[in-house]
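This report refers to the structure that appears directly beneath it.
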Amino acid sequence: FVWSELECHTYPWGIHRPSTVRLSEHCFDDGWVMHEMGHVLGFQHEHQRKDRDCYLEVDPSLLTNTAYEISHYIDTSFPYNWTSVMHYRRGTDFRVRREFYENQRDQLGTYEELNEMDVIKLKYYYCGGPHYCTTHPDECKRQEEFVKSLNC
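Counting from 3, one number per residue, gives the positions in the sequence shown under the working numbering.
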């Protein structure tokens, strides 16, 4: 951990190489430290999934910003995790694409704590726990069909 005047930032290297977590004074509000620790563990932003355009419309002016680029390294075998500690908060950056998910809009990137799927992913990747779709097959099937219907 190092002090930063301006930013909360960590490269998402995970176990592949050491990470430096840069924290400024505002990083201690609303779970930012937990978000940065997710990067230390190798997690990238949920809104950078290759299927994110099925769920969100990103402000086109941000598409050249690396924090909004599509990443093909994010595991999309898990359902889209609206309330993940790794999802940016709702704002002017993006909006929910489908009315089907309108009820999730206010919960984007809650940051306060790891949600159930965040914990299951950690257990799956690091402890040999079951995949989310093993314990929630109906939700996974619905989301898979939704993505296929939009051809994302």
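Glycine residues also receive a C-beta, built at the ideal position from the N, C-alpha and C atoms.
Handout entry: Close Cβ partners of E71 (< 8 Å) along its chain, the five nearest in sequence each way excluded
Key = Shown here for E71: same chain residues with a beta carbon closer than 8 Å to its own, the five before and five after excluded, namely Q50, L65 in chain order.
Exercise for the section: State the Cα-Cα distance for the pair L25 and V4, rounded to the nearest angstrom. Expected result: Going by the C-alpha atoms only, they are around 6 Å apart.
Problem - Which of helix, strand or coil DSSP assigns to L58 - result: The three-state secondary structure of L58, taken from DSSP, is strand.
Handout entry: Simplified DSSP assignment, three categories, for F80
Key = F80: coil per DSSP, three-state reduction.
Practice task
Name, in chain order, the residues that DSSP records as bridge partners for H11.
Solution key: DSSP output for H11 lists R24 as bridge partner(s).
Practice task
Examine the Cβ distances between the region 80-93 and the region 39-56 and report whether three or more of them are shorter than 8 Å.
Solution key: Yes: the two stretches touch, three or more of their Cβ pairs being nearer than 8 Å.
Problem - Length of the line joining the Cα atoms of N153 and T136 - result: Whole-angstrom Cα-Cα distance: 24 Å.
Practice task
Assign R144 to one of three DSSP states: helix, strand, or coil.
Solution key: R144 falls in the helix class under three-state DSSP.
Exercise for the section: Give the single residue among E59, C56, H138, L43 whose Cα lies nearest to the Cα of P20. Expected result: Minimum Cα distance to P20 is reached at L43.
Exercise for the section: Confirm, please, whether the CB-CB distance from D53 to V149 is below 7 Å. Expected result: Less than 7 Å divides the Cβ of V149 from the Cβ of D53.
Handout entry: Euclidean distance between Cα positions of V98 and Y57
Key = Cα to Cα, the separation comes out at about 6 Å.
Exercise for the section: Look at T22 and E38 and say whether their C-beta atoms are less than 7 Å apart. Expected result: The Cβ atoms of T22 and E38 do not sit closer than 7 Å to each other.
Handout entry: Straight-line Cα distance separating E7 from C142
Key = About 42 Å.
Problem - Exposed unless 16 or more other CB atoms sit within 10 angstroms - verdict on Y75 - result: Answer is exposed; the Cβ neighbour count stays below 16.
Practice task
Identify, in the order they occur along the chain, each residue of the same chain with its Cβ nearer than 7 Å to the Cβ of F30, setting aside the five sequence neighbours on each side.
Solution key: Cβ within range, chain order: n/a, list empty.
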